[in-house]
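Participant:
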Amino acid sequence: MIFNSFEFAVFFPLVFGLYWLLGQRQQNVLLLLASYFFYAFWDWRFLSLILLSTAVDFVVAQRVHAADAAATRKRWLLVSLIVNLGLLGVFKYFNFFLDSAVVLLEAVGLQANVPVLQIILPVGISFYTFQTLSYTIDVYRKDNEPTTNLIDFAVYVAYFPQLVAGPIERSTSLMPQIAGRRQFDIEQVWSGAMLALIGFFKKVFVADNLAPHVDAIFATPDPGFWTVVAGGYLFAFQIYADFSGYSDIARGTSRMLGVELRLNFDFPYASTSPQEFWRRWHISLSSWLRDYLYISLGGNRKGPVRTYGNLMATMVLGGLWHGAAWNYVLWGFYQGLCLCVHRWYIAHVKPLFRQGFVVYALKVLLYFQFTCYGWILFRAQSLGQVGDMTLGLFRGETFDSGLFLPLVQFALPMLLIEWLYTKERLPAPDLVRTVLYAGAFYLFVFHGEVSESFIYFQF
Amino acid sequence: MRQLIFKAILCGVLFVVLLEVFARAEDTLRWGAPFWGHYELEGIRHSDARGTQRCAPGRSYKHFRIDERGFRETEFAGPARETVVWLGASEAFGLYESPGNDVANQLERSLRARGSDVDVINAACFGMNLLRLQRVLEEPLLGMGVDALMIYPTPHFYLDLQPVRPDRPQPAQAAGVGFVSRAVTKSRDVLKSFLPMALQDLIRERQEQGALQGEVWPDPPAERLRQFAAHLEALLGVAQGSGARVAILTHANAFHAVEEIDESVLQAWRKFYPRAGGDVLIRFDAEANEVIRRLAAANDVELIDLAETVSGDPKLFADFSHFTDAGAAKAANRLAAWLAEEPSAIE
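What follows is the structure in structure tokens.
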């Protein structure tokens, strides 16, 4: 089931109404049933993977907690890692590595006859496996205690607002909310509904209207400079509106149920550096990678060379997390490279200019170009297209303002509405906000395009 | 608490008012529509001096623009050596094609691309039964020096609750009486695209039952078919008297045969003709097409059998009988081919 569907429009009010009639224990049972229904609506067979992941981490976390010996604790942790990463490996990466191995063997002149498996990628597997892993790792690190309530834990793993595309929640934040009592608060419900509305606006009006323009640009043979630039810019706003829209709907609906999910996007295109970008973009993933991968690899504690190596490894794996294709690996490599170069730059080069708004704006503008080039790597269908688009930056072309018009039509209203929504800078906020919400609602309902999915579902 | 409730009500009312304001502002900015008053497709049509319901000169609704003569505008609107008239109801007028891609526009583009100096007049308007077409043909079309005339009749008007009767002059009505919310109208359209098909079918079935007066026809009613034939014969007589080359087209629909019907699409069609139960609409269309073929032969009028060519292809129809861009293109190609058959008419 996707958020922008008729089914969800029926499903959520029913769950919401029933939910607030029940007590806390029954609420969690309802949440669990609703979450499983939500997921099974897409494909009930893959519910078994969630159940497996839930059962394994529920047991493992308790064993880790109960064990005194470090070796025992580590062995139990290994069980969780093998199961969760094994699920990811089989369902997400098996064919990718197999195909890559075949290509490699063929490149050195060896003929490989390998079985081809038709493996469907289960929606949300990258998100819920990371979420359950973080729980067990937190228990292993003694940052958190394991729960003894299976229902609560199962809700933590499968909580439907964020099940298929995050935010990837931490047990330290979500578990206490699930285990605790939620109070109905009309202001909270209203605020959640409005956040979800902004999310729907971003998804349906902005992302889905930008999609055909982006598709057309990326289908252009031998694109020239302005076409490539427009492709990067438009996709930057499409993916932002799509994914942050999903996060807003997830956070909004969850808030209506009395559960606060973490902020996942914080004006990422206002970043002046790659470091800042990753503190603002997909925050729940980047902080996960930092806390559970980068720091586990040694972080910046083992000298500059290892630090750069750790950064590269983290970002390449982060790229691979997004999809089993070489362009995602390349995108991760590019992000790692940006982080390394920036790290080296701030360590070795003195700032040329004094800080001020103009310098800040120029930095934002400059880094946005790097971000957009990254999105071209990300959006490309193949490494061949990456090469073609990159070469396109050096192909002369007459400027065509029509290529950029969708930015004015769709991205600009989004930035304006989002800025007004988030910053609360205007006087008479209730009145202004009502105008804002009505505007967002109008554009979303009457000028939205409805696509079948969210971009991040494929991850 | 009281303050909170008051604030919520105030914001709620403001929210609804704003939606209406936005809807009207958009119509004004985008289409040049009046901010106040009615704005709907029906507003394009009026009852002329003789009482005939037809498109009203100078009116517009969204991208549908009617010229000063009362015909839907085409891209080329200058004087030309040849004048070709495309006459019919909503299918010919073009309801669902994207701007510039209705049959008349595509035909005109196609002919002009071949070097013909031709003006295609889209004299079609929605709701035009054969009597109305005849009145429009008599005045003003016959006085305009038409070189070729292509008529696309719509048989299913003859399955309406009441038999087709000549229009009578209506007393002038004050336009735009009462408030019609444009936000609600737009919402209805959105909801239609959003609801699952099964639910839409159910709603249409209810509407069909609600609108039903009289008995449901188990078979195509013979007296209605006779009426259609009589009206068509009279229309063809007037058309032939004009001296123009005349072609009549069979009526195409989204169903190729009763054995392969899309029940949802048929339900949507039946909603407008609740007495035509089951597949009566499809069978009536087929029988009316036989009448068209027979009368074309008997009156020595050229026949373009469009139904044979396009019926039943879902890509060509936006609903039960209205064309998509591709459907209009196919129809325009057939018309262009017919016009090209006699170089003296179109070169």
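Heads up: the sequence lines are chains A and B, in that order. Numbering of the first sequence is given in the numbering used here, commencing with residue 637 and proceeding in unit increments. Numbering of the second sequence is given in the numbering used here, commencing with residue 289 and proceeding in unit increments. Glycine included, each C-beta is placed from N, C-alpha and C at the ideal position.
(1) Strictly below 8 angstroms CB to CB, what residues from chain B border A:Tyr-1073?
(2) Excluding the five sequence neighbours on either side, which residues of its own chain have a C-beta within less than 7 angstroms of the C-beta of B:Pro-631, listed in chain order?
(3) Can you list the residues of chain B that A:Phe-682 reaches, using a CB-CB cut of under 9 angstroms?
(4) From the beta carbon of B:Phe-294, is the nearest beta carbon of chain A less than 8 angstroms away?
(5) Can you confirm whether B:Val-478, when its beta carbon is compared against all beta carbons of chain A, has any partner nearer than 8 angstroms?
(6) Just to confirm my understanding: we take B:Tyr-384, look at its own chain, exclude 5 residues before and 5 after, and list those with CB closer than 8 angstroms. What are they?
(7) Kindly indicate if chain B contains any beta-carbon less than 8 angstroms away from that of A:Tyr-1078.
(8) When you compare only the Cα positions, how much space is there between A:Met-951 and A:Gly-934?
(9) Report the residues of the segment 1024 to 1052 of chain A with a CB closer than 8 angstroms to any CB of chain B, ordered along the chain.
(10) Label A:Ser-1037 either buried or exposed according to how many other C-beta atoms from any shown protein chain fall within 10 Å of its C-beta, with 16 as the threshold for buried.
(11) CB B:Cys-343 to CB B:Phe-359, shorter than 8 angstroms?
(12) Distance, Cα to Cα, B:Asp-405 vs A:Thr-1026?
(13) Contact criterion: CB-CB distance below 8 angstroms. Does A:Asp-1066 meet it with respect to chain B?
(14) Could you work out which residues of chain B lie near A:Val-842, taking near to mean beta carbons separated by less than 7 angstroms?
(15) Along chain C, which residues have their Cβ under 9 angstroms away from the Cβ of B:Pro-484?
(16) Tell me which residues share the same chain as A:Phe-1035 and place their Cβ nearer than 8 angstroms to its Cβ, disregarding the 5 neighbours each side in the sequence.
(17) Tell me the rounded alpha-carbon separation between A:Ala-794 and A:Tyr-996.
(18) What residue from A:Val-759, A:Arg-777, A:Asp-788 has the CA that sits closest to A:Arg-661's CA?
(19) May I ask you to report which of helix, strand or coil DSSP gives B:His-334?
(20) Out of A:Phe-766, A:Trp-967, A:Gly-968, A:Ile-686, which has the shortest C-alpha to C-alpha gap to A:Ser-671?
(21) Are the segment 832 to 845 of chain A and the segment 804 to 816 of chain A in contact at 8 angstroms, needing three or more beta carbon pairs?
(22) Are any of the Cβ atoms in chain B nearer than 8 angstroms to that of A:Val-800?
(23) Just how far apart, CA to CA, sit A:Thr-765 and A:Ser-920?
(24) Roughly how many angstroms separate the alpha carbons of B:Glu-635 and B:Leu-399, rounded to a whole number?
(25) Leaving out five residues on either side along the sequence, give the residues of the same chain with a beta carbon under 7 angstroms from the beta carbon of A:Asp-693.
(26) I'd like to know whether the C-beta atoms of B:Val-452 and B:Gln-515 end up nearer to each other than 8 angstroms.
(27) Compute the beta-carbon to beta-carbon distance between B:Asp-435 and B:Arg-533, rounded to the nearest angstrom, for a pair I have assumed lies under 8 angstroms.
(28) Which residues bound the beta strand (DSSP E) around B:Asp-407?
(29) Determine, using beta-carbon pairs with one atom in the segment 823 to 835 of chain A and one in the segment 844 to 853 of chain A, whether at least three such pairs fall under 8 angstroms.
(30) Which term fits B:Ile-354, buried or exposed, when burial requires 16 or more other beta carbons within 10 angstroms of its beta carbon?
(31) What does A:Thr-1070 touch in chain B if you count any residue whose Cβ is under 9 angstroms from its own?
(32) Please report whether the beta-carbon of A:Phe-1082 lies at a distance below 8 angstroms from any beta-carbon of chain B.
(33) Can you list the residues of chain A that B:Phe-310 reaches, using a CB-CB cut of under 8 angstroms?
(34) Do A:Tyr-905 and A:Ala-872 have their C-beta atoms closer together than 8 angstroms?
(35) Which whole-angstrom value describes the C-beta separation of B:Leu-302 and A:Thr-1070, a residue pair presumed to lie in contact below a C-beta threshold of 8 angstroms?
(36) State the CB to CB distance for the pair A:Phe-903 and A:Arg-887, rounded to an integer number of angstroms; the pair is presumed to be in contact (CB under 8 angstroms).
Facilitator: A quick look at the data gives this:
(1) Contact note: A:Tyr-1073 reaches chain B through Phe-303, using a C-beta cutoff of 8 angstroms and chain order.
(2) Residue confidence is low: B:Pro-631 scores 49 on pLDDT, short of 50, so the model does not pin down where it sits. Its coordinate-derived value is still stated next. Once the five neighbours on either side are set aside, B:Pro-631 has no close Cβ partner at all.
(3) Contact note: A:Phe-682 does not reach chain B at a C-beta cutoff of 9 angstroms; the least C-beta distance is about 24 angstroms.
(4) False, the Cβ-Cβ gap to chain A never drops below 8 angstroms.
(5) Output row for B:Val-478: interface = yes.
(6) Excluding residues within five positions, the ones whose Cβ falls inside 8 angstroms are Ala-606, Asp-607, His-610, Phe-611, Thr-612.
(7) Answer yes: the Cβ-Cβ gap between A:Tyr-1078 and chain B drops below 8 angstroms somewhere.
(8) Their backbone Cα atoms lie some 14 angstroms apart in a straight line.
(9) Residues of the segment 1024 to 1052 of chain A with a C-beta atom less than 8 angstroms from some C-beta of chain B do not occur.
(10) A:Ser-1037 should be labelled exposed.
(11) Result yes, Cβ atoms of B:Cys-343 and B:Phe-359 sit closer than 8 angstroms.
(12) Roughly 48 angstroms separates the two Cα atoms.
(13) True, the Cβ-Cβ gap to chain B drops below 8 angstroms.
(14) For A:Val-842, there are no neighbours in chain B by C-beta distance under 7 angstroms, as the nearest C-beta there is about 17 angstroms away.
(15) No chain C is part of this structure, whose protein chains are labelled A and B.
(16) If the five residues before and after A:Phe-1035 are omitted, its C-beta is found closer than 8 angstroms to the C-beta atoms of Trp-862, all from its own chain and listed in chain order.
(17) When rounded, the distance between both Cα atoms is 41 angstroms.
(18) It is A:Asp-788 whose Cα lies nearest to the Cα of A:Arg-661.
(19) The three-state reading of DSSP puts B:His-334 in strand, counting E and B together.
(20) By alpha-carbon distance to A:Ser-671, the top candidate from A:Phe-766, A:Trp-967, A:Gly-968, A:Ile-686 is A:Ile-686.
(21) They do not touch, by the three-pair rule.
(22) For A:Val-800, no Cβ of chain B is located within less than 8 angstroms of the residue's own Cβ.
(23) Cα-Cα distance, rounded: 14 angstroms.
(24) Only weak support exists for where B:Glu-635 lies, its pLDDT of 41 falling under 50; the value from the coordinates is given anyway. Straight-line spacing of the CA atoms in B:Glu-635 and B:Leu-399 works out to 9 angstroms.
(25) Sequence-distant partners of A:Asp-693 (beyond 5 residues in either direction) whose C-beta falls short of 7 angstroms from its own C-beta, in its chain, are Ser-716, Thr-768, Tyr-771, Thr-772.
(26) Result yes, Cβ atoms of B:Val-452 and B:Gln-515 sit closer than 8 angstroms.
(27) The Cβ separation is near 7 angstroms, so the contact holds.
(28) Start and end: 406 to 410.
(29) Touching, no.
(30) By the beta-carbon neighbour count (other beta carbons within 10 angstroms, threshold 16), B:Ile-354 is buried.
(31) The contacting residues are Leu-298, Cys-299, Gly-300, Leu-302, Phe-303, Leu-306.
(32) At least one chain B Cβ lies under 8 angstroms of A:Phe-1082.
(33) Against chain A, the beta carbon of B:Phe-310 has neighbours under 8 angstroms at Ala-1074, Gly-1075, Tyr-1078, listed in chain order.
(34) Yes; because the gap between Cβ atoms is below 8 angstroms, this pair is in contact.
(35) Contact flag correct, Cβ pair sits at about 5 angstroms.
(36) Contact flag wrong, Cβ pair sits at about 16 angstroms.
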